[in-house]
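**Q**
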Amino acid sequence: FSSYIGSADKMYDLLVKASSRNKVPYNEDGSYVTLSSFQGLYFGIIGIIGNFGTIFADNAYWQRAIAVRTSSTVKAYLIGGLSWFAIPFTLATSMGISGIALVEDGLMDPLTDEDLSAGLVLPAAAAVLLGKLGAVAVLADEDQLNAQSYLSYIVSGIAMSVISSILHYIGVDLGYMYLFMGIITSPVVIPIFITLTCDKENLYGIIGAAILGLVAGISVWLGVAKHIFDEISIKSTGSNYPMLYGNIKVKQVLAIMASDEVYIRDESQESLDQNSTGLEKAFKCAVW
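According to the UniProt record's numbering, the residues represented by the sequence shown are 1 to 288, in order.
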């Protein structure tokens with residue numbers, strides 16, 4: 001621990017002190033040191049739905065699953081999932097509560113909502129705990145460290161800079177994109193699952209369900225924002241409630257369609273290559 005905080009006990013005391021001065025809305029007793037948080041629950045639901053989409057829609061996962069033995073794949077993904085826990089816990093959770101404690105101790109200036117959504121808690125806390133060099137070190141990612149060796153990194157860096165600049169100009173930050181991710185990517189989760197596990201899927205139902213789920217999710221997302229905040233803006237659409245309902249509506253529409261015959265019904269499978277095996281179908285889906 002840094003000498004500014006010193007120990008887990010001092011960290012706890014600082015968080016309790018911060019809670020008494022600045023209560024957290026919708027947390028049990030306004031405390032920072034509780035798991036009873038409605039906003040935390042909403043964020044968790046949005047995160048689970050969104051990450052389902054990013055995994056199911058990423059063909060790299062399917063390619064790896066096809067290329068290796070099933071026993072190896074299961075072990076690898078379980079170990080990888082457990083290992084991944086260290087990243088959000090050490091970076092997001094640890095540095096987040098460190099930032100709260102440092103603000104309470106008067107060692108760090110409070111950050112604005114825009115700074116928080118832009119992910120500036122980590123470098124701000126690192127600047128206090130590790131000095132200015134520590135703040136610079138945590139900002140360097142793998143692409144930046146290897147940019148001089150790989151031309152592709154330069155190209156991707158330029159492209160990401162342009163896209164990030166556009167998003168920043170219109171007021172869309174990292175937190176907004178994370179919450180919105182599930183609405184865009186999740187519509188393909190159930191269609192892909194049905195495609196790989198059922199041999200009587202309806203081609204048009206599969207494609208139509210993904211499109212309908214996307215339209216329904218965006219419609220509910222914007223509708224809830226308009227209903228609650230009486231406006232459609234970056235701030236209103238980026239709040240937890242519209243994002244939550246939009247993410248849930250995507251899955252709800254797909255679940256309803258999955259239970260109907262639009263997904264699974266007898267039809268000629270000639271165009272879908274009826275004789276292909278499940279592995280071949282999975283391979284085609286991954287390549288596509």
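Positions of the beta carbon are idealized from the N, C-alpha and C atoms, including for glycine.
1. Can you name the start and end residues of the alpha helix (DSSP H) that residue 51 belongs to?
2. With distances taken Cα to Cα, identify the nearest neighbour of residue 205 among 115, 191 and 49.
3. Taking buried to mean at least 16 other C-beta atoms within 10 Å of its own C-beta, is residue 160 buried or exposed?
4. Would you mind reading off the limits of the alpha helix (DSSP H) that contains residue 9?
5. Report yes or no: do the stretch 241 to 254 and the stretch 172 to 186 share at least 3 C-beta pairs separated by less than 8 Å?
6. By Cβ distance, which residues of its chain are closer than 6 Å to residue 217, with the 5 residues on each side in sequence left out?
7. Suppose you measure from the CA of residue 222 to the CA of residue 232; what does that come to, to the nearest Å?
8. Secondary structure at residue 202, three-state DSSP: helix, strand or coil?
9. Taking a contact to mean a Cβ-Cβ separation below 9 Å, would you say residue 209 touches residue 174 in this structure?
10. With respect to the alpha helix (DSSP H) encompassing residue 104, which residues constitute its N-terminal and C-terminal limits?
11. Based on the DSSP secondary-structure assignment, which residues constitute the bridge partners of residue 27?
12. For the stretch 98 to 112 against the stretch 68 to 80, are there 3 or more C-beta pairs whose distance is under 8 Å?
13. Tell me where the alpha helix (DSSP H) around residue 289 begins and ends.
14. Quick one: is the Cβ of residue 20 within less than 8 Å of any heavy atom of the ligand FAD?
15. Taking all protein chains shown into account, decide if residue 50 is buried (16 or more other Cβ within 10 angstroms of its Cβ) or exposed.
16. Per DSSP, what kind of secondary structure is residue 166 in: helix, strand or coil?
17. Please list the terminal residues of the continuous alpha helix (DSSP H) segment that includes residue 180.
18. Alpha carbon to alpha carbon, what distance is there between residue 187 and residue 219?
19. Assuming the contact rule is C-beta atoms closer than 8 Å, residue 101 and residue 5 should be a hit. Round their C-beta distance to whole Å, please.
20. If we ignore side chains and look at the alpha-carbon of each, how far apart do residue 62 and residue 16 end up?
21. Let me know the secondary structure DSSP gives residue 88 once reduced to three states.
22. Measure the alpha-carbon distance for residue 178 versus residue 28 and round it to whole angstroms.
23. Since I believe residue 238 is in contact with residue 176 (beta carbons under 8 Å), could you give me their beta-carbon distance rounded to a whole number of angstroms?
24. Reducing DSSP to helix, strand and coil, say where residue 118 ends up.
**A** In terms of the structure at hand:
1. Here the question's residue 51 lines up with position 51 in the sequence shown. Segment 38 to 56, the alpha helix (DSSP H) holding residue 51.
2. On the sequence shown, residue 205 is found 205 positions in, with the first residue counted as 1. Of 115, 191 and 49, the residue nearest in Cα terms is 191.
3. In the sequence shown, the residue the question calls residue 160 occupies position 160. Looking at its Cβ environment, which holds fewer than 16 other Cβ atoms inside 10 Å, residue 160 is exposed.
4. Against the sequence shown, residue 9 aligns to sequence position 9. From DSSP, the alpha helix (DSSP H) with residue 9 extends over 8 to 21.
5. Enough Cβ pairs lie closer than 8 Å, so yes.
6. Numbered from 1 along the sequence shown, position 217 holds the residue referred to as residue 217. Cβ neighbours of residue 217 beyond the five flanking positions: 183, 246, 249 and 250.
7. By one-based count along the sequence shown, residue 222 stands at place 222. By one-based count along the sequence shown, residue 232 stands at place 232. Looking at the two C-alpha atoms, the distance is approximately 7 Å.
8. Within the sequence shown, residue 202 is the residue found at index 202, counting from 1. Here residue 202 sits in coil by DSSP.
9. Walking along the sequence shown from the start, residue 209 turns up at place 209. Walking along the sequence shown from the start, residue 174 turns up at place 174. No, Cβ-Cβ distance for residue 209 and residue 174 is not below 9 Å.
10. Position 104 of the sequence shown, counted from the start, is the residue given in the question as residue 104. In the DSSP assignment, residue 104 falls within the unbroken alpha helix (DSSP H) covering 94 to 104.
11. Walking along the sequence shown from the start, residue 27 turns up at place 27. 37, per the DSSP bridge assignment.
12. no
13. With the chain covering only 1 through 288, there is no way to say anything about residue 289.
14. You won't find the ligand FAD in this model; it holds no ligand whatsoever.
15. The residue labelled residue 50 in the question sits at position 50 within the sequence shown. Classification of residue 50: buried, given that the 10 Å Cβ count is 16 or more.
16. In the sequence shown, the residue the question calls residue 166 occupies position 166. Residue 166: helix per DSSP, three-state reduction.
17. Along the sequence shown, one-based indexing puts residue 180 at 180. From DSSP, the alpha helix (DSSP H) with residue 180 extends over 174 to 185.
18. Taking the sequence shown and counting its residues from 1, the one referred to as residue 219 is at position 219. Taking the sequence shown and counting its residues from 1, the one referred to as residue 187 is at position 187. Going by the C-alpha atoms only, they are around 13 Å apart.
19. Working through the sequence shown from its first residue, we reach residue 101 at position 101. Working through the sequence shown from its first residue, we reach residue 5 at position 5. The C-beta separation of residue 101 from residue 5 comes to about 6 Å, placing the pair in contact by the 8 Å criterion.
20. Along the sequence shown, one-based indexing puts residue 62 at 62. Along the sequence shown, one-based indexing puts residue 16 at 16. Rounded to whole angstroms, residue 62 to residue 16 spans 46 Å at the Cα level.
21. As a first step, residue 88 must be located in the sequence shown, where it is residue number 88. Note: residue 88 maps to helix in three-state DSSP.
22. Taking the sequence shown and counting its residues from 1, one reaches residue 178 at position 178. Taking the sequence shown and counting its residues from 1, one reaches residue 28 at position 28. So the two alpha carbons sit approximately 25 Å from each other.
23. Position 176 of the sequence shown, counting from 1, holds the residue named residue 176. Position 238 of the sequence shown, counting from 1, holds the residue named residue 238. With a Cβ gap of about 4 Å, residue 176 and residue 238 count as contacting.
24. To locate residue 118, count along the sequence shown from 1; it is residue 118. DSSP places residue 118 in coil when its eight states are reduced to three.
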